[in-house]
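Here is the structure we will look at, set down as structure tokens.
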């Protein structure tokens, strides 16, 4: 029996108040979809079966180099973070997986940690390594890079940390390692662009060699930040090159905020799928750079178009289709629990909309070069208000129809502000 | 004996007026470089051996969808274009190659055309095919794409045109085919992003199959325009995927204006070189999009950094190093001859600067993570005023020290304005 | 009695087939909105009262500098364009205004033209001048600019053309002049950036002086194209400076595709409103540059956020609120009638959504810095499927519930392809 | 007599070793410039009279939200920072001004601080306020904004801090206040875009009211970061509006890294000058966002074009010309002293090049629409290697010809690493 953090009675009471409205909206939408030849309950079942992982680090307040403004009651260790993740999943029922970050989430006993998660109905998803920061007592600094460092001992230390992540991952039930490095340069000439990638790949091959058979290694590219002239794995092309060289168990991870301005991200998804290298996603939204905003908050249509490509990929798996879905956001001004609930709903909503696309009509329009009809076939699905489907899926699984009202009524954060130790002010780095 | 378009006497007279100043500047630079351990004459010899092709179409005025403003005396056929290219090479001595565009440059007798070029001391470089426009009498329209069209007959027609280009290329002495297509979409859903690439690659494979053994096929990617939502070969990652799938004789061409904002183009050069797929360049400059401005006019430092990567690549050829260099610009407000002379000088200047980089010092600084020293090693070369080397190389090969003054003194354009038929106003398309 | 281009019987028959479904959807949405405290019929009435003008030139196929692919049956003069605009308004009932472009739409008898439009139930909106192209027989060329030209006679000619536009506008019932110039430079140094604006403002003041009392002059800024290094009125800041200097009857026009990448356009709307200088809009959508795609096709959320600012502005008019709404798109791959119907619906949909925002709740959340609640208040309105309201508004005014199906059933374009003379191929300018 | 931090003997010895080479290079350049009609010594005199301020905070290592890697021997208080600034100015002789940041540089006795600076031959330039971070013990948080906060007490606190800055500035001899706020939003709807500016301006007016007669208030705009959806003063248009509303003593400050991608910054400079609102600069360079890289390291040509506008502005001051020049960089991977020496040289180099432009020839070419000649007139100046002029100016004022070699030979940093207390690792905020 699961450890419920939010009172099921509170959820039930809240749901009772919203049940009639939901039934009306759901029935209305059902009739509308039926006229399009879609059975709403089948879609709701798909929604129930769909999930996206939350990042353990996302449970805390994020910040910028200028400042971090702490939130009363925010978690300061993996145990508190798991508790918060349990709230998110209990109310939203879309996020049973938690993606840990090491060494931030290091503990003494990983099988206990796994049981702790399972007690909340949670499990661990992809493990994220960290070689972009120095840790106290660390022998080598990452100031001049990690896997691509010119210093052999530094590369070795970074490789070993990644292998440690795999070892820990095995204990907590993960099967994926996400590797993002901050390696790059701030000035032209600082490093040779070719040899840096050589060193990165040599080191990454040592990590790859330690992967169990049933694991995947996911390379996460990023255009810039923390390096501002060049990044070793800066774009999907570099990520693809690296994943091809490393082997079949290495794939590419797409973070929605890590691209150049104006780039067509959904086409990158299609390209990586075609290359057999679509490993997974870090969902967030952005307007300028790696803003790490709530998923779908800035450009919800782009998120839908990404899911449209995923639906196409699932329908035509070519060499296979099994991407890992994770949220990766920095919650600088909101309660992270609310942001992740909102984001998970936005992402699931795009998944549901992608399932509403009349693919037969779409393909026929494409074949006939009927541009307007093809566009409107997609647009019809996008404009469908799928809120009733998502709410129904939540309610039927024990979650909250009105997750925001229910969460606030629970006064969870206020209670944690009493219980948990305060977080220090982020002084900012500038 | 070559057909000289500009009077050699005029050039000689002009050079005589600038000879003393050049000798002083060259000697001064020689002493400065000697203090850096560099022998200036060896560098000048390298400059003499370096070349970049000019595009036949670049000899005419360019324009935008809004308007084209014709230039009195601009060329309207390949014969006149060759004459203008002869002027460029006679004065600048860096551009003996001419890259033709078909069907714009189609003639009845290609061996005569080749002789005509050779009469000017010119030869033909990479052939460019054109499936982004419909030609009068063409059976199939490219309105909905060419190599990636859903219509088999259209794809076939596009393939055949490319094969025709190869055939013509063989007759005029070319060994490269540059393939740029405008295929893409303007609305989400218009085409399936995966299947479009499938069709493109199927068709491109038919072109590839027609390549002679000693030919290369170069794929030119472009982010946008004429398609404004997605382009089939939109970025270097897509280009790399396609070139890998097509085979060893297929490589990637980098146009400096075809990338997303802020992208590190020099790193793309390094990546393609590492993948064995660096086919060549279309040089130009841009501030916003595919602006096709004069090379080096907006960001000369970026052009230098590209050449720095090329110097690194030449020093470490991995699988080989033999990129094709071409200018590709749209001369909307200048005399194309002047713009190409200016651009060729800017490009050659970056080549020369890249040869001045103290690579031993640079590598040592990189190995030691001495960021400032590495940067300044590059910067020292960049800030060197290499004008005297370029002028010396020109003068010693019969070109003009002061190419602009000499060209204007020749009144070439004014004479052509009398001789050549007028070009109609571009009405603009909007 | 109006000249109906599409058979009213055809519309009525089509509407009859969709009436039951619409009634169900409309009633369902009505109940949902009622639970939010919103009376649906009041919103539908607002939708009926809202309009956006279409551009006469938008009725033709657009193209790029590379090519234009003509459409069989596209209009080639203002009379045919008016007929097409009549179709758009008859089916969609949102676009009674037509914005003409001179000299493209010049005729001999403007009062007859006005009657012709009125016969279709149309009227003329803002007049657009054209000094970015040379016209046959024109004394001065705009090759080096128009209002900002260094040549006095050229500036004078451009001023006179604008004054002609005002004169024609008076005859056809317009009260606004939209001024967009392509003036700018392609190379650093080409013109002095300060003195170019001085000349522009001197000339624009002469145009301003000719404005009737009840007219507005709207300045349209654009970042780039056709000029690729600098544009005289490149951004809203320059537009604001110019409008302030010219006077109260001069305001700024916002084209959604004329901004730098990533720019927050809705904030520009708020800023111009605050400065009392929000003149109007050219609606379209873009992913890369001035792509002129169908409104809302790429980023519908951004379009909604613009309308949210307009709703805020209307609620707090400060010095006044009366922006002109126009579509300005280039229809390169679609039937322009379909694209403008689709776009007008998308724009009207954003207007309707903006009216659904619970402004009291939004303001309370903002005052309390309740970030999530404020965001979700906006988002609730955005996610509402307002299709039933738009369809109801159309149907009640004689338009088509299913405008696409009805338009296609009418075979209007096919008939015009028989009647109208063919358009020549756009050769492309490159 | 000034407190010299680096041994004058060391500098003299180093200069002696480079004197002969400098004399040769300087004489060569002198002859070259003479042929252009330019007297080199007059230019060198201008270089000697030109200065750019350094930021006190720039003396420390910067970092990103991901990590900060400390440098052994970096300063941790204003006294140590002043000492480092003294080194920079002693070697480079271009940076006698130091721009302080409060409360980072708060001390008990400001007249003593001023004397301390003067002992090094330094003075204080513009004071920077800080309302983007919370300070220990602060009554109100800036988590939801400062000058634009919805909370009156917060706005009042921010105003008072700015007034404190003015008071301190008066004591240390400053006459300018630079105001940059991080106020903005991360989610659409979070705040009303219009009312946020209203509140900002109300509060800023209270700061403005406290300005002494001979002071300027400089508003610094920034597109994004720390706010990622909207920023209150996001662009030069907003900055101009605000400065116009506040009054004559309020001007706009241009930071080179705070703009949208592709923006023409030199035109913004020209526009602000024309509006009489060009207050000053924060110099740095960037490739992606507010990267805060060394000035001129990424796009030195852009920096030159900015100085070309400044030279034009000085020649045509309209209402006045007196901008404040400051460096504002984040030195994440270099020794800040080296980066600021390198940057100051790059900036001064662009100033010198701008003085070499043949303005008469440039203007004539512009008037004649001789695009190529105009461009090449600018380019000739840009390509001039002005290193000898800069070195001569340094040497004649007691600075180091080879500032990098001399600095390293001094072992200043190594000594400070012994003397100064260590800085803690930046944990990163993410």
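Chains as they are written, first to last, in my numbering: chain A, 4 to 433; chain B, 4 to 433; chain C, 4 to 433; chain D, 4 to 433. Note that beta-carbon positions come from the ideal geometry of N, C-alpha and C, so glycine has one too.
Checklist entry - How would you call residue 424 of chain C, buried or exposed, if buried means at least 16 neighbouring beta carbons within 10 angstroms? => result Exposed, since its Cβ has fewer than 16 Cβ neighbours within 10 Å.
Item to check | Inter-residue CB distance, residue 337 of chain C and residue 356 of chain C (contact presumed, cutoff 8 Å) | outcome: By a beta-carbon distance limit of 8 Å, residue 337 of chain C does not contact residue 356 of chain C. Their separation comes to about 24 Å.
Next on the checklist: Nearest by alpha-carbon distance to residue 186 of chain D: which of D:179, D:230, D:197, D:72 is it?
Outcome noted: Among D:179, D:230, D:197, D:72, the Cα nearest to that of residue 186 of chain D belongs to D:230.
Checklist entry - Exposed or buried, residue 82 of chain C, counting other C-beta atoms within 10 Å across all chains shown (16 or more means buried)? => result Exposed, since its Cβ has fewer than 16 Cβ neighbours within 10 Å.
Item to check | DSSP three-state assignment for residue 261 of chain B, whether helix, strand or coil | outcome: Residue 261 of chain B falls in the coil class under three-state DSSP.
Checklist entry - Heavy atom of the ligand FMN less than 8 Å from the Cβ of residue 337 of chain B, yes or no? => result Absent from the structure shown: the ligand FMN. Ligands present: none.
Checklist entry - Within 10 angstroms of its Cβ, does residue 1 of chain D collect 16 or more other Cβ (buried), or is it exposed? => result Lying before the first or after the last residue shown, residue 1 of chain D is absent from chain D, which here runs from 4 to 433.
Checklist entry - For residue 312 of chain D, which residues in chain C fall below 7 Å Cβ to Cβ? => result Those are 196, listed as they occur along chain C.
Checklist entry - Are at least three pairs of beta-carbons, each pair with one atom in the stretch 405–413 of chain A and one in the stretch 48–68 of chain A, less than 8 Å apart? => result Judged by Cβ distances under 8 Å, the stretch 405–413 of chain A makes no contact with the stretch 48–68 of chain A, as fewer than three pairs qualify.
Item to check | Other residues of its chain near residue 28 of chain B: CB distance less than 6 Å, five sequence neighbours each side excluded | outcome: Within the same chain, and ignoring the five residues on either side of residue 28 of chain B in sequence, the residues whose Cβ sits closer than 6 Å to its Cβ are 391.
Checklist entry - Which residues in the same chain have their Cβ closer than 7 Å to the Cβ of residue 208 of chain D, if we skip the five residues on either side of it in sequence? => result Once the five neighbours on either side are set aside, the close Cβ partners of residue 208 of chain D are 249.
Checklist entry - How about residue 295 of chain B: is its C-beta nearer than 9 Å to some C-beta of chain C? => result Output row for residue 295 of chain B: interface = yes.
Checklist entry - By DSSP, does residue 328 of chain C sit in helix, in strand, or in coil? => result Under the three-state reduction of DSSP output, residue 328 of chain C falls in the strand class.
Next on the checklist: Measuring straight from C-alpha to C-alpha, what distance separates residue 182 of chain D and residue 309 of chain B?
Outcome noted: Rounded to whole angstroms, residue 182 of chain D and residue 309 of chain B show a C-alpha spacing of 39 Å.
Item to check | Range covered by the beta strand (DSSP E) that runs through residue 284 of chain D | outcome: For residue 284 of chain D, the uninterrupted beta strand (DSSP E) run begins and ends at 281–286, by DSSP.
Next on the checklist: Would you say residue 24 of chain D lies against chain B (beta-carbon separation less than 9 Å)?
Outcome noted: Chain B contact via Cβ: present.
Next on the checklist: Measuring only the C-alpha atoms, how far is residue 4 of chain D from residue 397 of chain D?
Outcome noted: Any reading at residue 4 of chain D must be qualified, since the residue scores a pLDDT of 49, below 50, and its modelled position is unreliable; the value itself is stated next. Linking residue 4 of chain D to residue 397 of chain D through their CA atoms gives a straight-line distance of about 19 Å.
Item to check | Pairwise C-alpha distance: residue 158 of chain B and residue 349 of chain D | outcome: Cα to Cα, the separation comes out at about 53 Å.
Next on the checklist: residue 193 of chain B and residue 383 of chain A - do their beta-carbons sit closer together than 9 Å?
Outcome noted: At the C-beta level, residue 383 of chain A and residue 193 of chain B stay beyond 9 Å of one another.
Checklist entry - Pick from A:165, A:328, A:273: whose alpha carbon is nearest that of residue 283 of chain A? => result When only C-alpha atoms are compared, the closest one is A:328.
Checklist entry - Which residues, in chain order, does the stretch 244–259 of chain C contribute to contact with chain D at a C-beta distance below 8 Å? => result Residues passing the 8 Å Cβ filter: 244.
Item to check | Residues of its chain near residue 101 of chain C, where Cβ-Cβ distance is below 7 Å and the 5 sequence neighbours each way are ignored | outcome: These residues qualify, in order along the chain: 56, 57, 59, 85, 88, 120, 125, 127, 128.
Checklist entry - So which residues on chain B does residue 233 of chain A lean against when the C-beta distance must stay under 7 Å? => result Residues of chain B with a Cβ closer than 7 Å to the Cβ of residue 233 of chain A are, in chain order, 267, 270.
Item to check | Cβ distance (whole Å) where residue 330 of chain C is taken to contact residue 378 of chain C below 8 Å | outcome: Wrong, their Cβ atoms sit about 29 Å apart, outside the cutoff.
Item to check | From A:394, A:401, A:93, A:215, residue whose alpha carbon lies closest to that of residue 46 of chain A | outcome: Out of A:394, A:401, A:93, A:215, A:394 has the C-alpha closest to the C-alpha of residue 46 of chain A.
Checklist entry - Is residue 312 of chain A buried or exposed, if buried means 16 or more other CB atoms sit within 10 Å of its CB? => result Looking at its Cβ environment, which holds 16 or more other Cβ atoms inside 10 Å, residue 312 of chain A is buried.
Item to check | Short CB-CB distance (under 9 Å) between residue 4 of chain C and chain D | outcome: Caution is warranted here: a pLDDT of 49 is assigned to residue 4 of chain C, below 50, making its placement in the model unreliable, and no coordinate value can be reported.
Checklist entry - Starting from residue 47 of chain A and walking both ways along the alpha helix (DSSP H), at which residues does that stretch end? => result 43–51 is the span of the alpha helix (DSSP H), which, as asked, contains residue 47 of chain A.
Next on the checklist: On the criterion of 16 or more Cβ atoms from any shown chain inside 10 Å, does residue 12 of chain B qualify as buried, or is it exposed?
Outcome noted: Around the CB of residue 12 of chain B, fewer than 16 other CB atoms lie within 10 Å, so the residue is classed as exposed.
Checklist entry - What are the boundary residues of the beta strand (DSSP E) that residue 221 of chain B is part of? => result 219–223 is the span of the beta strand (DSSP E), which, as asked, contains residue 221 of chain B.
Item to check | Whole-angstrom distance between residue 135 of chain D and residue 421 of chain D, CA atom to CA atom | outcome: Taking the straight line from one Cα to the other gives about 33 Å.
Checklist entry - What three-state label does DSSP hand residue 127 of chain D in the structure shown? => result Strand.
Next on the checklist: Tell me the rounded alpha-carbon separation between residue 205 of chain C and residue 189 of chain D.
Outcome noted: The alpha-carbon atoms of residue 205 of chain C and residue 189 of chain D are separated by roughly 42 Å.
Item to check | the stretch 261–280 of chain A contacting the stretch 31–45 of chain A, beta-carbon criterion three pairs below 8 Å | outcome: No: fewer than three Cβ pairs fall under 8 Å.
Checklist entry - Interface residues of chain B around residue 386 of chain D at Cβ under 7 Å? => result What residue 386 of chain D touches in chain B: 388, 390.
Checklist entry - If you draw a straight line from the alpha carbon of residue 343 of chain B to that of residue 195 of chain C, how long is it in whole angstroms? => result Those two C-alpha atoms are separated by around 24 Å.
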